[in-house]
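Data block below; observations after.
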Ligand SMILES: Cc1cc2nc3c(=O)[nH]c(=O)nc-3n(C[C@H](O)[C@H](O)[C@H](O)COP(=O)(O)OP(=O)(O)OC[C@H]3O[C@@H](n4cnc5c(N)ncnc54)[C@H](O)[C@@H]3O)c2cc1C
């Protein structure tokens, strides 16, 4: 262990990646854990043969200076590019790319679902779903969606007051490969059932072809949360054709359900941190339904840890 100690960052979405990068830059050892096969969380890119779809977040925008500076840096690196006007930016070649870059030289344990935290003396061990125990760690930073943070804390017999206040809306996401090229690269009717239709393959650096991502509205997604996948595909396809005024005749159509998609109620504080436990949590649910909010929360969580880990346990 180096003199600064080692921190477990749970979750490899934008919040976890921002926290891990900041801690590593300050000289801490970090180890990142995620239950997914890759990194990115809801900044997700699905590959199907030669095709790819951003089936989670579609684009990012900066309101504050910190994320604006990052977008500028990523743009200069060529891993982010403007798309569809109004300061919208996308990852290149997929939305996952900025998270990948933040985590590039850091140790990430993928396909590792953390199910319990155990405090032993002043240090933490993590137990994963396969029963493997990882650690010890001097501190733990959790960056899952709030309901999943609650599940982990309850299983571990610890609390971070406030997590339960945050709520999410679900989102059904439809991925379609079609010969049809829509006139607009982005339409956002926000009228049930369609929230948004993005011409995914018109984003910069994407493989050739015509591919659309269709997101259902929060209300429709909630009302159809347990609906059969085939019924969701049929309903969203028909509604997308109505919105676009075109027949899609898909060569490929699949749907993904995001149970925790968009923050509806945010905490409106940057992160939660308990210095006695050396345990913190952050994510978009702290500040709002945006990638920038996840980034800012991850940075804030890292700052709490940095301020605290300087003092004796
Ligand atoms: C369909 C959709 C569309 C969106 N559109 C936009 C958009 O256009 N613009 C925008 O700014 N934002 C958008 N968002 C929101 C944006 O994606 C999020 O705000 C942001 O990506 C959240 O990052 P995060 O790090 O807080 O959480 P996440 O990205 O959810 O990362 C959390 C990570 O924790 C992992 N995890 C959870 N439980 C465990 C466990 N027990 N063990 C290990 N790992 C675990 C997950 O696998 C995940 O990788 C959209 C989201 C969705 C779903």
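In our numbering, the protein residues as written are 163 to 475.
Note that CB positions come from ideal geometry on N, CA and C, so glycine has one too.
For residue 333, the enclosing beta strand (DSSP E) has its first and last residue at 329-339.
Taking the Cα positions, residue 377 is about 5 Å away from residue 358. Residue environment analysis places residue 406 among the buried positions, since at least 16 neighbouring C-beta atoms fall within 10 angstroms of its C-beta.
The beta carbon of residue 207 lies closer than 6 Å to those of 214, 216, 256, 257, 258 in the same chain, with the five residues before and after it left out. In the DSSP assignment, residue 404 forms no beta bridge with any residue. Around the beta carbon of residue 411, fewer than 16 other beta carbons lie within 10 angstroms, which makes this residue exposed. Closest in C-alpha terms to residue 249, from the list 269, 240, 230, comes 230.
Assignment of residue 235 by DSSP, reduced to helix, strand and coil, places it in the helix class. Distances taken from the Cβ of residue 377 to the heavy atoms of ligand 1 include one shorter than 7 Å. Residue 460 and residue 429 have their alpha carbons spaced roughly 14 Å apart. Residue 471 sits in a helix when the DSSP states are folded into three classes.
In this structure the segment 233-248 does not touch the segment 166-176; the number of beta carbon pairs closer than 8 Å is below three. Within the model, the alpha-carbon separation for residue 261 versus residue 302 is close to 20 Å. Rounded to whole angstroms, the gap between the alpha carbons of residue 179 and residue 265 is 6 Å. In the three-state DSSP reduction, residue 430 falls in the coil class, being neither helix nor strand.
The closest CA to that of residue 425, considering only 327, 293, 194, is found on 327. Looking from the CA of residue 400, the closest CA among 360, 413, 356, 391 belongs to 356.
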